[in-house]
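Trainee: With the numbering used here, letter number 165 in the sequence shown gets 158, and the count goes up by one each step, no holes.
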Amino acid sequence: MADETIGIVGAGIVGLATGREIALRRPGTRVVVLEKEQQVSLHQTDHNSGVVHAGIYYTPGSRKADLTVRGVSLLREYCQDRRLPYREIGKLVIAVRQDELGRMENLYERAKNNHVPDLRRVSQDEIKELEPHAGGIAALHSPRTAITDYPAIAREFAKDITDAGGEVRLGFPVTGITNVPGGIEVDSGQQRLKVDRLILCAGLQSDSVARLAQDKQAPKIIPFRGEYKLLKPERTHLVRGLIYPVPDPRYPFLGVHFTPRVDGTVEVGPNAVLALAREGYQLTKVSPKDLLGLAAYPGSWRMAAQHWRTGVKEYRGSLSTAAFMKDAGLYVPGVGAKDVVRGGAGVRAQALDRDGTLVDDFRIHQVGRITAVRNAPSPAATASMAIAEHIVGAVFGEA
């Protein structure tokens, strides 16, 4: 018999990494991961860009920075051990205007404080040596930034859980969470499971599931759809590594960039437009329930008042490939609408506070014997194994 049963809601990469960490750290504990879909990692993990972020962007000393730096090390070792794809192709963060140089220097100082390995400033001539087809006047080069296959990693985490005697139970949509004598009962409408502790890693549904556990209302998840274009095969030679803009510090998005994938394709994107459904991967998918939830939340209106101009610009790019590629062409001059085809799209679970602030760091709440991961922002996939260590430490009082 197991010493204790731990339930985890959500079989994305964070939930699976957490289940794996418990199974390895606490032998004798039974881990049961509950997932509403019929396969693991179907949502944010499956639509991830595949980038292993090195820690350039994050405030030194923040939980996000610390977990990212730790997560890179763990992920690299795991991929090497399991022979999963992990390619250090490097990243250029390129300034194309003089007014971006100050922000780029701030990024450099942040990255150095976060101990990003081998980071250096490069000149316009050095940009051409690294990326012959790139534009820009100066850049930061992070040669250790990598790409990987996060869905494959998630599937391997799931195997680790089952190999350790745990279970990944698919087709279990959580509709009820009830404290009962001796534990917590989780209900799917057709199945019930009693556990000693429960961890919520529900991603796009994290606020809805937390509400079932009587957690507080904020932050609320606002779904942003990120749309991608794909370079045509005959144009992929124009990009060797990752090419990023200097980001706008007002937003937790990194801007449209060029991303080689482990399958040999090169993505351009993403933009960031408000999705009309939590799982609205298609422009035409609309959920009246989700829209009503957005309209009823005061933070939605405050966010819109602050950022509507940026929203209009992003929607213009969503509707016009030429507009989408206008900014991208600054970083690889000559690449335009004729060089790309429609790619996929992902939906980011962006947490939003009641005052309209876009939450940019991890939020983890405790509700008795329930731990609710309310916000696990990008780079949650990069940091997943370190996030798992942190969550498990918090759950068992070891942090």
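Beta carbons: idealized from backbone N, C-alpha and C, even for Gly.
Quick caveat: nothing in here was measured; it's all calculated off a predicted structure.
#1: What are the start and end residues of the alpha helix (DSSP H) that includes glutamate 122?
#2: Within a Cβ cutoff of 7 Å, which residues of the same chain sit near alanine 265, ignoring the five residues on either side of it in sequence?
#3: What separation, rounded to the nearest whole angstrom, lies between the Cα atoms of arginine 88 and glutamine 31?
#4: Quick test of the definition: if touching needs 3 or more C-beta pairs under 8 Å, does the segment 231 to 240 touch the segment 87 to 102?
#5: Here's the rule: buried if 16 or more other CB atoms are within 10 angstroms of the residue's CB, otherwise exposed. What is asparagine 395?
#6: Taking all protein chains shown into account, do 16 or more other C-beta atoms lie within 10 angstroms of the C-beta of glutamine 343, making it buried, or fewer, making it exposed?
#7: Quick check: what's the CA-CA separation for arginine 13 versus arginine 302?
#8: Give me the residue from Thr277, Ser116, Pro166 with the minimum Cα distance to valine 202.
#9: Roughly how many angstroms separate the alpha carbons of lysine 222 and glycine 329, rounded to a whole number?
#10: For the structure I just gave you, are there three or more beta carbon pairs, one from the segment 109 to 118 and one from the segment 25 to 40, closer than 8 Å?
#11: Alpha carbons only, please: which of Leu224, Thr138, Glu178 is nearest the one belonging to glycine 336?
#12: Give me the residue from Arg56, Tyr324, Leu193, Val352 with the minimum Cα distance to proline 125.
#13: Quick one: Cα of glycine 164 to Cα of threonine 314, how far?
#14: Please classify glutamine 183 as buried or exposed, where buried requires at least 16 other C-beta atoms within 10 Å of its C-beta.
#15: Using 6 Å as the cut-off, classify the Cβ of aspartate 256 as near or not near the heavy atoms of the ligand ADP, replying yes or no.
#16: Whole-angstrom Cβ separation of threonine 11 and isoleucine 384, contact assumed at under 8 Å?
#17: When the Cα atoms are used, what is the spatial distance from alanine 374 to alanine 289?
#18: Within the continuous beta strand (DSSP E) that includes threonine 252, where are the two ends?
#19: Among Arg56, Tyr101, Ala4, which has the Cα closest to the Cα of serine 371?
#20: If you draw a straight line from the alpha carbon of leucine 276 to that of tyrosine 101, how long is it in whole angstroms?
#21: For glycine 8, which of Thr171, Ala369, Glu391, Tyr274 has the nearest alpha-carbon?
#22: Going by C-alpha distance, which of Ala376, Ile140, Pro226 is nearest aspartate 59?
#23: If you follow the beta strand (DSSP E) that glutamine 343 is part of, which residue opens it and which one closes it?
#24: Thinking C-alpha only, which one of Gly361, Met378, Phe355 is nearest arginine 367?
#25: Quick one: give me the first and last residue of the alpha helix (DSSP H) that proline 240 is part of.
#26: In chain order, what are the residue ranges of uninterrupted alpha helix (DSSP H) at least 4 long that sit wholly in the segment 139 to 180?
#27: So, for leucine 287: in the same chain, excluding its five sequence neighbours on each side, which residues have a beta-carbon less than 6 Å away from its beta-carbon?
#28: Verify whether the separation of the beta carbon atoms of glutamate 28 and alanine 4 is less than 7 Å.
#29: Tell me whether alanine 88 sits in a helix, a strand or coil according to DSSP, three-state version.
#30: Where DSSP assigns a beta bridge to isoleucine 384, which residues make up the other side?
#31: If you follow the beta strand (DSSP E) that phenylalanine 217 is part of, which residue opens it and which one closes it?
#32: Output the distance between the C-alpha atoms of arginine 228 and glycine 304, rounded to the nearest integer angstrom.
#33: Would DSSP call isoleucine 82 helix, strand or coil?
#34: Locate the alpha helix (DSSP H) running through alanine 289, then write down its first and last residues.
#35: Evaluate the contact criterion for the segment 187 to 194 versus the segment 202 to 215: three or more CB pairs, one atom per stretch, below 8 Å.
#36: Suppose you measure from the CA of valine 109 to the CA of leucine 68; what does that come to, to the nearest Å?
Mentor: Quick look at the numbers:
#1: Working through the sequence shown from its first residue, we reach residue 122 at position 129. Per DSSP, glutamate 122 belongs to the alpha helix (DSSP H) from 117 to 123.
#2: Mapped onto the sequence shown, residue 265 falls at position 272. Around alanine 265: Phe217, Gly219, Phe246, Glu307.
#3: Against the sequence shown, residue 88 aligns to sequence position 95. Against the sequence shown, residue 31 aligns to sequence position 38. For clarity, residue 88 is alanine in the given sequence; the question names arginine instead. Distance between the alpha carbons of alanine 88 and glutamine 31: 44 Å.
#4: yes
#5: Residue numbering for the chain in the displayed model covers -6 to 392; residue 395 lies beyond these limits and cannot be assessed.
#6: The count along the sequence shown starts at 1 and reaches residue 343 at position 350. Per the 10 Å Cβ criterion, buried.
#7: Position 20 of the sequence shown, counted from the first residue, corresponds to residue 13. Position 309 of the sequence shown, counted from the first residue, corresponds to residue 302. Roughly 43 Å between the two C-alpha positions.
#8: Start at 1 with the first residue of the sequence shown, and residue 202 comes out as number 209. Nearest option by C-alpha distance: Pro166.
#9: Sequence index remark: in the sequence shown, residue 222 carries index 229 (1-based). Sequence index remark: in the sequence shown, residue 329 carries index 336 (1-based). The straight-line gap from Cα to Cα measures roughly 11 Å.
#10: no
#11: The sequence position of residue 336 within the sequence shown is 343, counting from 1. That would be Leu224, whose Cα lies nearest to the Cα of glycine 336.
#12: Position 132 of the sequence shown, counted from the first residue, corresponds to residue 125. Out of Arg56, Tyr324, Leu193, Val352, Tyr324 has the C-alpha closest to the C-alpha of proline 125.
#13: Numbered from its first residue, the sequence shown carries residue 164 at position 171. Numbered from its first residue, the sequence shown carries residue 314 at position 321. Answer to the nearest angstrom: the Cα atoms are 38 Å apart.
#14: The residue given as residue 183 occupies position 190 in the sequence shown. With fewer than 16 Cβ atoms within 10 Å of its Cβ, glutamine 183 is classed as exposed.
#15: As for the ligand ADP, it is missing from this structure, which has no ligand bound.
#16: Locating residue 11 in the sequence shown gives position 18, counting from the first residue. Locating residue 384 in the sequence shown gives position 391, counting from the first residue. At roughly 5 Å, the Cβ-Cβ gap stays under 8 Å, so threonine 11 and isoleucine 384 are in contact.
#17: Start at 1 with the first residue of the sequence shown, and residue 374 comes out as number 381. Start at 1 with the first residue of the sequence shown, and residue 289 comes out as number 296. So the two alpha carbons sit approximately 31 Å from each other.
#18: Mapped onto the sequence shown, residue 252 falls at position 259. Per DSSP, threonine 252 belongs to the beta strand (DSSP E) from 250 to 253.
#19: Counted from its first residue, the sequence shown places residue 371 at position 378. Comparing Cα-Cα distances from serine 371 to each of Arg56, Tyr101, Ala4, the minimum goes to Arg56.
#20: Against the sequence shown, residue 276 aligns to sequence position 283. Against the sequence shown, residue 101 aligns to sequence position 108. Roughly 37 Å separates the two Cα atoms.
#21: Residue 8 sits at position 15 when you count from the first residue of the sequence shown. Nearest option by C-alpha distance: Ala369.
#22: Numbered from its first residue, the sequence shown carries residue 59 at position 66. Closest by alpha carbon: Ala376.
#23: Here the question's residue 343 lines up with position 350 in the sequence shown. Counting along the chain, the beta strand (DSSP E) containing glutamine 343 begins and ends at 333 to 345.
#24: As a position in the sequence shown, residue 367 is number 374, starting the count at 1. It is Phe355.
#25: Here residue 240 corresponds to residue number 247 of the sequence shown, with the count starting at 1. Careful: proline 240 lies outside any alpha helix (DSSP H) and carries neither H nor E.
#26: Qualifying alpha helix (DSSP H) stretches, in chain order: 143 to 156.
#27: Within the sequence shown, numbered from 1, the residue matching residue 287 stands at position 294. Here the set comprises Ser293.
#28: Stepping through the sequence shown from its first residue, residue 28 is reached at position 35. Stepping through the sequence shown from its first residue, residue 4 is reached at position 11. Against a cut-off of 7 Å, the Cβ pair of alanine 4 and glutamate 28 comes out as a contact.
#29: Locating residue 88 in the sequence shown gives position 95, where the first residue counts as 1. Alanine 88 falls in the strand class under three-state DSSP.
#30: The count along the sequence shown starts at 1 and reaches residue 384 at position 391. Residue pairing by DSSP places isoleucine 384 in no beta bridge whatsoever.
#31: Here residue 217 corresponds to residue number 224 of the sequence shown, with the count starting at 1. Looking at the DSSP string, the run of the beta strand (DSSP E) that includes phenylalanine 217 is 213 to 224.
#32: One-based indexing of the sequence shown puts residue 228 at position 235. One-based indexing of the sequence shown puts residue 304 at position 311. Their backbone Cα atoms lie some 30 Å apart in a straight line.
#33: Counted from its first residue, the sequence shown places residue 82 at position 89. Note: isoleucine 82 maps to coil in three-state DSSP.
#34: Counting from one through the sequence shown, the residue named residue 289 turns up at place 296. Start and end: 281 to 289.
#35: yes
#36: Here residue 109 refers to the residue found at position 116 of the sequence shown. Here residue 68 refers to the residue found at position 75 of the sequence shown. Roughly 15 Å between the two C-alpha positions.
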